[in-house]
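Heads up: the sequence shown begins at 90 in my numbering, then just goes up one per residue.
One structure is given here, and the rest of the page talks about it.
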Amino acid sequence: MDRLIAEFDRALRAIAGVVHAERQSPAAAVAETPLEDVPKAHAAALMRVNHVGEICAQALYQGQALTARRAESRQALAQAAREEEDHLAWSAERIRELGGRPSLLNPLWYAGSFAIGAAAGLLGDRWNFAFLAETERQVEEHLTGHLEALPPEDQRTRAVVEAMRADEARHRASALELGAAELPEPVRLAMRLASRVMTTVAYRV
Ligand SMILES: [Fe+2]
Ligand SMILES: [Fe+2]
90 MDRLIAEFDR ALRAIAGVVH AERQSPAAAV AETPLEDVPK AHAAALMRVN HVGEICAQAL
150 YQGQALTARR AESRQALAQA AREEEDHLAW SAERIRELGG RPSLLNPLWY AGSFAIGAAA
210 GLLGDRWNFA FLAETERQVE EHLTGHLEAL PPEDQRTRAV VEAMRADEAR HRASALELGA
270 AELPEPVRLA MRLASRVMTT VAYRV
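As structure tokens, then:
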């Protein structure tokens, strides 16, 4: 029961944007460059997409940790979720700095991802980590795309995205170390399609 309350509290904080980073934002060390309106709005929208990605990551890992079998697995998921909390806080902060706003659909993203995570956890740890590893791989690729799409002069946003990408690569490596299976191609494709829908919608709403 206590655990359920703690999970619920965490969900509400993620959705409401009341999260604190344990590590300082990588943007803090980078000077702000004045941006024109259009590239600034574009950067804010891209960061909204990333923020939604982090909302989904929180929900996925919480769902997965809830149903994971081994204590070691639950611990690894909880550790990854804590680092994703930093990402959540960093991207929210950067959206604010760019004059944007987070997605209005965050409760929906959260609920959907939580259900998917819990379902993955029920399939057993090997598949749970397979799903985690593939998620991180796709997020990594996606962030690489954002580094290409972001205004080159927006070094502050780029610092955040680069640090997130490095963390995601580590999350993937740790999932593989913990014995992730290889996901079948149709599942990987379905995940790609789902994230395409999410990124397209979140860029706008
Ligand atoms: Fe992340
Ligand atoms: Fe991650």
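Cβ coordinates follow ideal geometry from the N, Cα and C atoms, glycine included.
Straight across, the Cα-Cα distance linking H231 with L135 is about 11 Å.
Checking the 8 Å criterion, the Cβ of A146 is within range of a heavy atom belonging to ligand 2. In the DSSP annotation of this structure, S192 is not part of any alpha helix (DSSP H), being labelled neither H nor E.
Within the same chain, and ignoring the five residues on either side of A291 in sequence, the residues whose Cβ sits closer than 7 Å to its Cβ are R137, V138, V141, S192. Under the three-state reduction of DSSP, L166 is assigned to helix. Judged by DSSP in its simplified three-state form, A219 adopts helix.
Cβ contact annotation for V228 (same chain, cutoff 7 Å, sequence separation greater than five): G142, E257, in chain order. Around the CB of F220, 16 or more other CB atoms lie within 10 Å, so the residue is classed as buried. With fewer than 16 neighbouring CB atoms inside 10 Å of its own CB, V107 falls in the exposed class. Here DSSP, grouped into helix, strand and coil, assigns M90 to coil.
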